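Report on the structure given below.
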Amino acid sequence: MDDSTAVLVGLALAVVLIVSLMFFIIPEPALQAVVATDRLDLAVLSFRNSSTWDGVDETVRARVESTLVNEPGINVFSRSQLDSLLAEQMMSESGMIDAATAVKLGSLTGVSKLITGAVIGVDTRADATKICLSWVNGVCAQEAPGTQYSVHVLSQISVVNTTTGRIERSIDASGDSSITLPAESSFGGFDSLLANAASEIADVVSSSLSEAYTREIRYGLYDNYKVKREGFVGEGESSRFAHSDGEIHLIVHFTRAQSRELFDVIWGDSSATFDKHIEDVVSDNDWRVYSLDLASMNPGRYFVRGALNGTDVFEIPFTVTP
């Protein structure tokens with residue numbers, strides 16, 4: 001098989017793969033809401049370093065903080081917003097913040113949870129290997145000696161509740177990173193690999209906190225929909241509908257939820273002359289469609305609101321015309 005034939009075969013396989021993915025993937029509704037199930041005003045304190053690698057504790061701490069800053073539903077206080085001197089002086093010799101200090105920090109700053117932790121170990125390696133210099137038809141045609149540089153960072157993160165002073169969640173997180181270079185190439189050091197490994201740890205922490213303390217919902221309002229596998233695909237997303245549309249449909253996908261949570265849908269208007277309330281029980285990855293008949297509705301402005309466990313999650317205003 002020559003190169004042109006191989007390219008055509010590769011393109012054909014890519015097309016088949018894309019079509020297959022389109023069949024299985026259900027497009028998400030356009031709108032997103034993230035709601036915290038607990039107050040998430042966080043501060044990331046200093047980490048302990050139990051490894052022999054200087055500075056890795058601050059690298060991991062900084063990556064955890066910057067990742068949490070970008071996480072929806074989580075508010076992060078910068079260290080300058082805290083009484084850092086108080087935090088540093090009142091921490092125990094083990095590096096863990098004591099319960100009384102945690103409660104005091106929460107009272108002084110409004111922070112609801114403190115993130116602290118330790119880097120338990122760092123493993124760095126340089127292993128001889130082979131690298132491929134050229135490829136022919138997907139097969140390596142020329143090899144050369146190489147060196148694979150790798151790091152493994154192991155950490156333990158604690159989430160401290162500032163109301164009780166207790167550790168309410170402990171996260172074991174590790175990160176890995178590697179690079180392979182020709183044997184004769186100069187290696188700049190492990191710092192960049194350590195930073196990459198720290199980013200992996202930060203992603204684990206962020207994911208764990210989001211899963212534990214937040215819920216995520218995707219939703220949209222449409223004039224029609226179709227069923228696709230276990231979900232729904234909305235058609236004609238809009239905020240303006242006519243009586244001739246017959247019905248409008250609120251599609252909701254609970255992309256992150258706990259088992260059997262209470263969900264309420266309220267259709268209404270500002271004057272409270274129209275009200276339709278739907279009570280439901282939902283779980284993680286459930287899809288729902290809630291429909292409203294427009295035939296008997298007066299022209300005007302309305303809204304549909306979603307509430308999870310009694311907390312309003314979203315509200316969509318819409319207009320009905322004759």
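Taking our numbering, the leading residue of the sequence shown gets 1, the next gets one more, and so forth. Even for Gly, the Cβ is constructed at its ideal location relative to N, Cα and C. Bear in mind that the values here come from a model prediction, so they are computed numbers and not experimental data.
Residue i - containing beta strand (DSSP E), residue span
| i | result |
| --- | --- |
| D223 | 214 to 228 |
| Q32 | 31 to 36 |
| T255 | 247 to 256 |
| H243 | No beta strand (DSSP E) holds H243; DSSP gives it neither H nor E. |
| G236 | 231 to 237 |
| S259 | No beta strand (DSSP E) holds S259; DSSP gives it neither H nor E. |
| W287 | 287 to 293 |
| F77 | 75 to 77 |
Reduced DSSP secondary structure (H/G/I, E/B, other) of residue i
| i | result |
| --- | --- |
| A128 | strand |
| L21 | Model confidence at L21 stands at a pLDDT of 42, short of 50, so the residue's coordinates are unreliable; what they give is reported in the following sentence. Of the three classes helix, strand and coil, the one that applies to L21 here is helix, per DSSP. |
| N196 | helix |
| P317 | strand |
| S177 | strand |
| S158 | strand |
| I380 | This structure cannot speak to residue 380, because the chain is shown only from 1 to 322. |
| R39 | coil |
| L209 | helix |
| A307 | strand |
Whether residue i touches residue j by CB criterion (8 Å)
| i | j | result |
| --- | --- | --- |
| A198 | R63 | yes |
| G146 | T101 | no |
| V119 | S155 | yes |
| F318 | L221 | yes |
| F47 | D54 | no |
| P29 | I171 | no |
| V44 | E71 | no |
| I74 | L292 | no |
| G306 | V281 | no |
| Y149 | S178 | yes |
| T67 | S270 | no |
Cβ-based burial, residue i [other Cβ within 10 Å; buried from 16]
| i | result |
| --- | --- |
| D275 | exposed |
| R61 | buried |
| V188 | Strictly speaking, residue 188 in this sequence is Gly, with Val absent from that position. So G188 counts as exposed. |
| M22 | Residue confidence is low: M22 scores 47 on pLDDT, short of 50, so the model does not pin down where it sits. Its coordinate-derived value is still stated next. Exposed: under 16 other Cβ atoms inside 10 Å. |
| L108 | exposed |
| A272 | exposed |
| F184 | Phe is not the amino acid found at residue 184; the sequence shown has Glu there. Exposed, by the Cβ-count rule. |
| G236 | exposed |
| T163 | exposed |
| E279 | exposed |
| W267 | buried |
| K113 | buried |
| E230 | exposed |
| R125 | exposed |
| W135 | exposed |
| L85 | Bear in mind that a pLDDT of 47 at L85, under 50, signals an unreliable position, so the number given afterwards is only what the model happens to contain. Per the 10 Å Cβ criterion, exposed. |
| A242 | exposed |
| V227 | exposed |
Start-to-end residues for the alpha helix (DSSP H) that takes in residue i
| i | result |
| --- | --- |
| A99 | 99 to 109 |
| L68 | 56 to 69 |
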